[in-house]
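Asks: Sharing a structure with you now.
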Amino acid sequence: MLAKIIYKKPWFFPILQWFFPAANWDYTVVVFGRRIYTKHKLDLALYAHEYTHCEQQKLSWVWGLVWCIRYIFSPKFRFDQELEAYQIQFQVFSTRNHDRNAQNQYLHRLAKDLSGPLYKNLIDYESARKLIREIKKL
13 MLAKIIYKKP
23 WFFPILQWFF
33 PAANWDYTVV
43 VFGRRIYTKH
53 KLDLALYAHE
63 YTHCEQQKLS
73 WVWGLVWCIR
83 YIFSPKFRFD
93 QELEAYQIQF
103 QVFSTRNHDR
113 NAQNQYLHRL
123 AKDLSGPLYK
133 NLIDYESARK
143 LIREIKKL
């Protein structure tokens, strides 16, 4: 089952901002169950990242709610979920773009995001870069 992309801000976005003040609708994508809420069109690699979150939530609003509660209150859970999604995102990008410079720039952006304030600085930049590069089976 594929996810449904919705091009509008979810009603619960202000609640997420309360827990994650760095979240900004101009660049933050939100997943709940099998719904992906975004302001902008997603490229394939970013879609793969967000769809990973749909699968983590078992494409279900019930599991989505459980997942969201754990995501908010458990930094380790949040890190594990995001790391998996970023690894898949980088792998999808790299299989479609074989330019090493482009891959390195993309990896830089992903590691900066994962180690940044949106996720409450869960990891340092260099560690994020190293872990995102690890190959995962798609």
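Be aware that the sequence shown starts at 13, since it is given in our numbering, and climbs by one per residue.
For glycine and all other residues, C-beta sits at the position ideal for the given N, C-alpha and C.
#1: Considering only their Cβ atoms, is the gap separating residue 22 from residue 42 smaller than 8 Å?
#2: Which residue or residues does DSSP assign as beta-bridge partners of residue 49?
#3: Can you tell me whether DSSP reads residue 28 as helix, strand or coil?
#4: For the region 76 to 143, list the beta strand (DSSP E) runs that are entirely contained and at least 3 residues long, ordered along the chain.
#5: Measure the beta-carbon distance from residue 112 to residue 123 and round it to whole angstroms, keeping in mind my assumption that it falls under 8 Å.
#6: Please work out which residues of its chain come closer than 6 Å, Cβ to Cβ, to residue 49, disregarding the five sequence neighbours upstream and downstream, and give them in chain order.
#7: For residue 127 versus residue 118, is the C-beta distance shorter than 8 Å?
#8: Expressed to the nearest angstrom, what Euclidean distance is found between the alpha-carbon atoms of residue 35 and residue 129?
#9: Could you name the residues of the same chain whose beta carbon sits closer than 6 Å to that of residue 28, not counting the 5 residues immediately before and after it, in chain order?
#10: Does the Cβ of residue 57 have 16 or more other Cβ atoms within 10 Å, making it buried, or fewer, making it exposed?
#11: If we ignore side chains and look at the alpha-carbon of each, how far apart do residue 134 and residue 125 end up?
#12: Can you list, in chain order, the residues of its chain with a C-beta nearer than 7 Å to that of residue 104? Leave out the 5 residues immediately preceding and following it.
#13: Relative to the alpha-carbon of residue 90, which residue among 69, 102, 106 has its alpha-carbon at the smallest distance?
Replies: Let's see:
#1: Along the sequence shown, read from residue 1 onward, the residue named residue 42 stands at position 30. Along the sequence shown, read from residue 1 onward, the residue named residue 22 stands at position 10. Yes; because the gap between Cβ atoms is below 8 Å, this pair is in contact.
#2: Taking the first residue of the sequence shown as 1, we reach residue 49 at position 37. Beta-bridge pairing links residue 49 to 18, 42.
#3: Position 16 of the sequence shown holds residue 28. DSSP, read as helix, strand or coil, puts residue 28 in helix.
#4: none
#5: Within the sequence shown, numbered from 1, the residue matching residue 112 stands at position 100. Within the sequence shown, numbered from 1, the residue matching residue 123 stands at position 111. Not a contact, Cβ separation roughly 16 Å.
#6: As a first step, residue 49 must be located in the sequence shown, where it is residue number 37. Only 18, 22, 42 meet the Cβ criterion.
#7: Along the sequence shown, one-based indexing puts residue 127 at 115. Along the sequence shown, one-based indexing puts residue 118 at 106. Contact flag unset, no.
#8: In the sequence shown, residue 35 corresponds to position 23, counting from 1. In the sequence shown, residue 129 corresponds to position 117, counting from 1. Distance between the alpha carbons of residue 35 and residue 129 is about 9 Å.
#9: In the sequence shown, counting from the first residue as 1, residue 28 sits at position 16. Only 35 meet the Cβ criterion.
#10: The residue you call residue 57 lines up with position 45 of the sequence shown. Result: buried.
#11: Residue numbering aside, residue 134 sits at position 122 when the sequence shown is read from its first letter. Residue numbering aside, residue 125 sits at position 113 when the sequence shown is read from its first letter. Residue 134 and residue 125: Cα-Cα distance of roughly 10 Å.
#12: Within the sequence shown, the letter at position 92 stands for residue 104. Hits under 7 Å: 56, 57, 60.
#13: For the purposes of this step, residue 90 is identified with residue 78 of the sequence shown, where counting begins at 1. When each option's Cα is compared against that of residue 90, the closest is 69.
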